[in-house]
Every structure is written in structure tokens, then in C-alpha cells.
Amino acid sequence: MIEAPPIQAPPPVVPEPAVFHRVEFTGTGAEYFRIWIVNFALTIVTLGIYSAWAKVRRLQFFYRHSRVAGAGFDYHANPITLLKGRMVALALFGLYSSMGYVGTALTIVILVVLAALLPWLLGRSLRFRLHNSSYRGLRFRFHGTTKQAYWIFLGMPLLALLTLFTLAPMWHHRLKRYQFENSAYGRTRFRFGAPVGSFYGAHLLSMAVAGGMLMVFFVILGIVVALTAVGQNQPAGAEAEPNMAVFLPLFVAGYIVAVVAGQAITGARIQNAIWNHATLGRSTFLSDVRTRRLFWILMTNLLGTIATLGMFRPFAQVRLARYYASCMTVAQLGTFASFSGAEGDEVAATGEETADIFDFDIGF
Amino acid sequence: MQGTYYDGQSAEGRQVDLSLDGDMLVLGGADGFERRDPIDSVDVTDPLGSTKRWLRFHDAAACEVEDGPDLHALFGPRVRGSAVSRWERGWRPAGIAMLLVLVVGVVTYVFVLPVMARSAADRLPASALDTLSDEMRPVLDRTVFEPTKLSQDRTTAIMASVYRLDFDMALKERIRLEFRHADSLGANAMALPSGAIFVTDQLVALTPDDEVIAAVIAHEIGHVSHRHGLRQIIQSTAVGVFVTWFIGDLSALGAAAPSALLEAKYSRDLEREADAYAVAVLRASGIDPGRLAQALELIEKSHGAAGDGGVLAYMSTHPTTEERKAWLRAQ
Numbered sequence: 001m002i003e004a005p006p007i008q009a010p011p012p013v014v015p016e017p018a019v020f021h022r023v024e025f026t027g028t029g030a031e032y033f034r035i036w037i038v039n040f041a042l043t044i045v046t047l048g049i050y051s052a053w054a055k056v057r058r059l060q061f062f063y064r065h066s067r068v069a070g071a072g073f074d075y076h077a078n079p080i081t082l083l084k085g086r087m088v089a090l091a092l093f094g095l096y097s098s099m100g101y102v103g104t105a106l107t108i109v110i111l112v113v114l115a116a117l118l119p120w121l122l123g124r125s126l127r128f129r130l131h132n133s134s135y136r137g138l139r140f141r142f143h144g145t146t147k148q149a150y151w152i153f154l155g156m157p158l159l160a161l162l163t164l165f166t167l168a169p170m171w172h173h174r175l176k177r178y179q180f181e182n183s184a185y186g187r188t189r190f191r192f193g194a195p196v197g198s199f200y201g202a203h204l205l206s207m208a209v210a211g212g213m214l215m216v217f218f219v220i221l222g223i224v225v226a227l228t229a230v231g232q233n234q235p236a237g238a239e240a241e242p243n244m245a246v247f248l249p250l251f252v253a254g255y256i257v258a259v260v261a262g263q264a265i266t267g268a269r270i271q272n273a274i275w276n277h278a279t280l281g282r283s284t285f286l287s288d289v290r291t292r293r294l295f296w297i298l299m300t301n302l303l304g305t306i307a308t309l310g311m312f313r314p315f316a317q318v319r320l321a322r323y324y325a326s327c328m329t330v331a332q333l334g335t336f337a338s339f340s341g342a343e344g345d346e347v348a349a350t351g352e353e354t355a356d357i358f359d360f361d362i363g364f
Numbered sequence: 001m002q003g004t005y006y007d008g009q010s011a012e013g014r015q016v017d018l019s020l021d022g023d024m025l026v027l028g029g030a031d032g033f034e035r036r037d038p039i040d041s042v043d044v045t046d047p048l049g050s051t052k053r054w055l056r057f058h059d060a061a062a063c064e065v066e067d068g069p070d071l072h073a074l075f076g077p078r079v080r081g082s083a084v085s086r087w088e089r090g091w092r093p094a095g096i097a098m099l100l101v102l103v104v105g106v107v108t109y110v111f112v113l114p115v116m117a118r119s120a121a122d123r124l125p126a127s128a129l130d131t132l133s134d135e136m137r138p139v140l141d142r143t144v145f146e147p148t149k150l151s152q153d154r155t156t157a158i159m160a161s162v163y164r165l166d167f168d169m170a171l172k173e174r175i176r177l178e179f180r181h182a183d184s185l186g187a188n189a190m191a192l193p194s195g196a197i198f199v200t201d202q203l204v205a206l207t208p209d210d211e212v213i214a215a216v217i218a219h220e221i222g223h224v225s226h227r228h229g230l231r232q233i234i235q236s237t238a239v240g241v242f243v244t245w246f247i248g249d250l251s252a253l254g255a256a257a258p259s260a261l262l263e264a265k266y267s268r269d270l271e272r273e274a275d276a277y278a279v280a281v282l283r284a285s286g287i288d289p290g291r292l293a294q295a296l297e298l299i300e301k302s303h304g305a306a307g308d309g310g311v312l313a314y315m316s317t318h319p320t321t322e323e324r325k326a327w328l329r330a331q
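Chains as they are written, first to last, in my numbering: chain A, 1 to 364; chain B, 1 to 331.
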């Protein structure tokens, strides 16, 4: 019960000192590799049924090793619920894959069905993920409405499409705002303050750098091709036939470097913009992801994964998680006792699994 | 042993000592905090790598503790954990799992997926093939093809020589030859699943010998007969989905290169199958299968042979012409 506050002198204006907590990731690649490969093998042996259990264990590994202020996160989803979600996701994916092979009329019907279902499912997916996440024994919550989900996952993308993607960074901004403003830790809501300009800045710079790199790269490639043609002693005046054995791998390599550079720029800038302007109650966050370091990690992760036929992937994921964690600090104002929980309810898993298979980046 | 206790109502944690009093688990902390539960009513999460473990109480309360001998002493054998959790922590099970993944992966890629794609493709009704082709034809005509510049006499002669080929009558009714001019493709022929076979003017211009052209078309009929178009779609969809999922958080482009490599092998297998079909048809029709080898040589020359083989052989959608010629001549 709230008691009537006693009349008292205004409190002295002494700034309350913030307590800074570095976010840590305590897992190692070698540890995760064994978890990943064992669960992967079990998924294969059970013809995919076990994948729901595998997913819970994988997420629990990442949640429990993510630690702030001496405490870890935890993930609570029931694998059976996830499995039901996977069935629905698989059916939807079947519909999605059949588009284009079933005639124009049916393709349009499928498109409409997916457009009608997906926003709702994606909203549910965010809800499911957060309601099944906890920190210090307290669950997260998601309060996004169905109406918001349709606007964010259907209305805005269509608008971005109609404006030839000039609104795409704004859509990205609204998507993140929708996620953050609707998220809560117990009863305490997250607040999102990143300006839309930071999203435009990140995307434009990323496009400029990736485009510039591609251009420089094509010039260099042109020279290389010309030189190899000369090396082949072609008659003067003959049109230089590009030597495909040299050209193709170089082309792919250059393209990948440019795309990953673009990714690193948007990844680092947007992560920083979001967290440096986010609040949770009176606590704030400090994020310092460096573009170059992120580029290096993404690039070596990609090469390692391809070179080892995927066996490096668990190490890559742990490396990335470690780096992202090491870049984040929480500035806490007030005590942990000021965060309190709300009564819980169960959320269907369908949304999360669908989002998983369609590979939407909606985690945070 | 020590743990951090959370009551589930607020985020405040408190350091507690865990001990056993008969069959009651006792959590005791500073300023006289005490909580007692029957030890069997407390859930303990499965071990997972080196992560800490959670005791979960019947209300929303929970306690984070270190995994180890102290915990085992308190709770007994029931917290030893699942078999999976033990496998996850050893290198030997990880090695076995890796071997299994690799073997299943290779077997699926080499045998299972092609067989499944073939049986799926064979089951689809012919109408599906037509639908598919109806979608592709206008795209091709818009992007690469121009109307043919060949004389009516020449096209009729080629049609006649194809008609004389000895192959399945039902299939013969579905095959339609269409001649097109295509600068970007050069000497080439391609088949749509419905049975439409496009032959470029550039191919016809290579030789006055209609039997050589017919040999190439027999190869294309092989693609139609074995429903290669559909099989390719099914196989590349499966490969694409798998690689994208497997590479996961990396870019879609990172997935495109390995997918292309994996699909290229399938494509080469289909080409070999079409070659084998052509050989059978040509032989049944009393034509020397060497005609196809001859055609391949002419086609390769016309494209200005950019040196097949080497690394590129693994990226190519067709076996090298050398390999195909050698095989055809051996027939």
C-alpha cells in the first residue's frame, strides 16, 4: 500500500553516483563447439525433432554466460512449445518456397496470406523471446500491440518500397524503437532515444564505403586482368579475354570484403546509437563498438567458417558475443530492489520459430 | 555452499549459504534471512558447459549456484545431469558427433538429396512443368532472345532430323523446337521443363550437318526426359536453405558462394546424365554418338576456349568438354 508521504524538506540536490557494470561474456569457443556439435548431431539423428531442445540449450549457453553485475541471464522456453512453433514455421516456409512455381494467381494468394500472417507472428515472436528471458530472477516483458506489429512489419516496409528505399533507414529506426519502447524488465520499461539521423548516417556511410571499395576494387581487377592478358602473349590489339580462373575468385573475394565492411559500419554505428540513447528506469547504457575491430571479427569469422566447412562457426559466434559484450557498460542509478516483477502469462512460440527460419534480425 | 538468491519479486539478490537439515534445503543469509524447502521440491537446471546452475523453487524464486562437488553433495546423484550434458562436456563425444555430422552431410549431399529430388520431380504432374515454363519463356524472350534469322528450309530440315530420332513417343509429342538468335549466348541450346527446346542460330551456323545439331538436341531432350529443370530447382532450394541456415548470422552473400559451389556438382551430374541419354537415343537411331562429341568440340571452339580445368572445374556447371568428349568417344 502507498502511504501518504510525510511532509519533509526538499531533498538536497546531490547527484547520486552511478554504479558502472561492465557486461561480460564468460563462455569460450571450445566449450560452445562441443555443445553445438553434440546438439547438431542429435538433431540429425532425430530427423530434426531435437532441434527445439538444441535451440534452448544454445540460447541458454549464450544467456547464462552473459553476465552483468555478477549475475547471468537465463532462457526459459519450453522446447515442446518451440517444436509446435517450428511445425507452423515449416508450413509457412513451404508456402514461401512454392511461390513462383504455382502460377501467378496462387502466388498472389500465398503472398497475401504470408503478408497477413507474418507481422502478427513476428510480434508474437518478440513477445515470446522476452517473456522467456530473465535476469536476476526477473522476467523481461514485451508490450507491443498487434496494430504496431502490422505497421512496423507490413505498413512501413511497403512505404519504404514505394519510396524506393529512401525510407528504409527510417523503417530500421522505427523497428528498433518498436522493440525497445515495448520491452520491459519486470515492470520497468526500456526507453529508446536514438535519433533517426544516426540510422540514416550509418546506412549512407555503409553504402558509400562499400560502393567505394567495390569501385576501387574493379579498377584494380581491370588492371590485373589486363596484365594477365599481356602475360599470355596475346597479339596486340586483340580484345583482352579475362582469365576466369583468376578473375572469378578475386571478384567474389572483393565483393565479400566490401559487403562485410558495409555490415561492420551499420552494425557498429547502429548498436552504439541505440544503446547510448537507451534507458531502463534511471539506468543508462554505454556502448563502444569499433567499426574496424568489428570488421576484422566478421571477416575472419566468415573466412574461418567457410575454410573449415562450418566447423569454426561456434567459435565465431562466441567471438562475436564476447566482443559485443566487452563493448557494453551499464550505468546503474538506483538499486536492484527498485526493479520489480509483474504477473506472468504464457506466450505461444509460433512467432519466434517463424522468425527464426525466415532469418529476420529481430533479436537485440 | 554459497549462492545468490532472487525472490522473483524484485531484482535484488542476496548472498546465501546452502545447507541441508534432514530433507529440508535451508538457505540462510545475512540479517536473519532464512528459507526452507523440501529438497525434492527444488528443481535444478541441467548442467550446460561451464555455466552456473539455477535452483528453481515452486514460487518464482531462484538461486544461482556454482556447478561442482558441493552441489552434488547437497542434492545427490539427481543433479549429475542428463546424458546430453555429459556428452557436451567431453571431447570424445564431440569427435563422434563431428564424424556423424560429416558422414551424414556427405551422404545426404551425394546420394539422398539427388534421389529425393528425382522422385519428387517425377511425381509432379506435367501441368506443373508447363506452369513453370510459361513463367520462364517470356523472361527469356525479353532478355536474351531475338527472332531467328535462319531460313525456313534449314529449320525444317533440323526438325525432321530430330523427328527421326528414336525416343519415347509420349515425349516426342511434348518436344517443340524453337529457333532463336542470341548474341549473348553464342552457340547454345537449352530446354524448358515443358519440352520447349531453344536452339540458337549461332549453334546451327556451326555446321551444315543436321545430325550434329540433332545430337545436341538429343542431349537437351535428355534434360526434358529426366525433368532436370525441376530437379535442379528442388536441389538448389534445399542447398540454399541449408547453407543460409548453416552459415547463419553471416551475410546472405557469404552463403551464395558456397551454395554455388555445392550446386555446381549437381549441375555437372545432370549434364552427364543428359549425355548418357543422348548416347542411348543416338545409338537407337543409328547415329554415331561421336556426333555429340563433334558438336561439343565445335561449340567449345566457337566460345573461344578459355582453358577449362583447374580450380574452375569445381565451379563449372558443366563437366569439362575434354572429359565429356573422352567419355562419348569411349561409348
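Don't be surprised by glycine CBs; every beta carbon is placed ideally from N, CA and C.
Check	Outcome
Interface partners of PHE246/B on chain A, CB under 7 Å	GLY310
Residue interval of the alpha helix (DSSP H) (run including THR305/A)	291-307
Contact set for THR317/B: own chain, Cβ-Cβ below 6 Å, skip 5 residues either direction	ALA264, SER267
Span of the alpha helix (DSSP H) around MET99/A	Element bounds for MET99/A: n/a, residue is neither H nor E.
Paired residues, beta bridge with ILE197/B - DSSP	LEU177/B, ALA191/B
Contiguous beta strand (DSSP E) assignments of at least 3 residues, all confined to the region 6-69 of chain B	13-21, 24-29, 34-38, 53-56, 62-65
Three or more C-beta pairs below 8 Å linking the region 23-31 of chain A and the region 316-323 of chain A	yes
Straight-line gap, THR43/A to GLY85/A (C-alpha atoms, nearest Å)	16 Å
Residue-chain proximity (GLN9/B, chain A), Cβ-Cβ < 8 Å	yes
Cutoff 7 Å; reference LEU296/B; Cβ partners in own chain excluding five residues on either side	THR321, ARG324, LYS325
Residues bridged to GLN2/B (per DSSP)	ASP17/B
Close-in-space but distant-in-sequence residues of the same chain around PHE20/A (CB under 6 Å, 5 per side omitted)	THR329, ALA331
Boundaries of the alpha helix (DSSP H) in which ARG123/B is found, first to last residue	113-123
Contact with chain A by SER119/B, beta-carbon distance below 8 Å	no
Helix, strand or coil at HIS143/A according to DSSP, with G and I counted as helix	coil
Buried or exposed (CB count within 10 angstroms, at least 16 for buried), PRO147/B	exposed
Top-ranked residue by Cα proximity to ASN188/B, from GLN331/B, PHE145/B, LEU230/B	PHE145/B
Min CB distance LYS52/B to chain A below 8 Å	yes
Extent of the continuous beta strand (DSSP E) to which ALA184/A belongs	183-185
CB-CB length for GLY186/A against ALA11/B, believed under 8 Å	7 Å
Residue from ARG293/A, VAL113/A, ALA54/A with nearest C-alpha to CYS327/A	ARG293/A
Inter-stretch contact at 8 Å, needing at least 3 Cβ pairs: the region 213-227 of chain B / the region 280-298 of chain B	yes
Chain B within 8 Å of PHE315/A, Cβ atoms only	no
Members of the region 60-92 of chain A that neighbour chain B once the beta carbon cut-off is set at 8 Å	GLN60, PHE61, ARG64, HIS65, GLY70, ALA71, GLY72, ASP74
CB contact below 8 Å: PRO47/B versus chain A	no
Short-range partners of chain A found in the region 78-90 of chain B, where Cβ spacing is below 9 Å	VAL84, SER85, TRP87, GLU88, ARG89, GLY90
Top-ranked residue by Cα proximity to LEU113/B, from ASP201/B, THR156/B, SER236/B	SER236/B
Euclidean distance between Cα positions of ASN182/A and PHE153/A	15 Å
Under 8 Å (Cβ pairs) to chain A, residues found in the region 256-274 of chain B	ALA257, PRO258
Selected residue, minimal CA-CA separation from SER340/A, among GLY3/B, MET1/B, GLY13/B	GLY13/B
Contact set for ARG136/A: own chain, Cβ-Cβ below 7 Å, skip 5 residues either direction	ALA71, PHE336
Between the CA atoms of VAL107/B and LEU177/B - distance to the nearest angstrom	38 Å
Chain-order list of residues whose beta-carbon lies under 7 Å from that of ARG142/B (same chain, five-residue window excluded)	none
Reference ALA170/B; option with closest CA among THR155/B, ALA126/B, LEU150/B, LYS149/B	ALA126/B
Short CB-CB distance (under 8 Å) between LEU185/B and chain A	no
Contact with chain C by ALA337/A, beta-carbon distance below 8 Å	In the displayed structure, chain C is absent; the protein chains listed are A and B.
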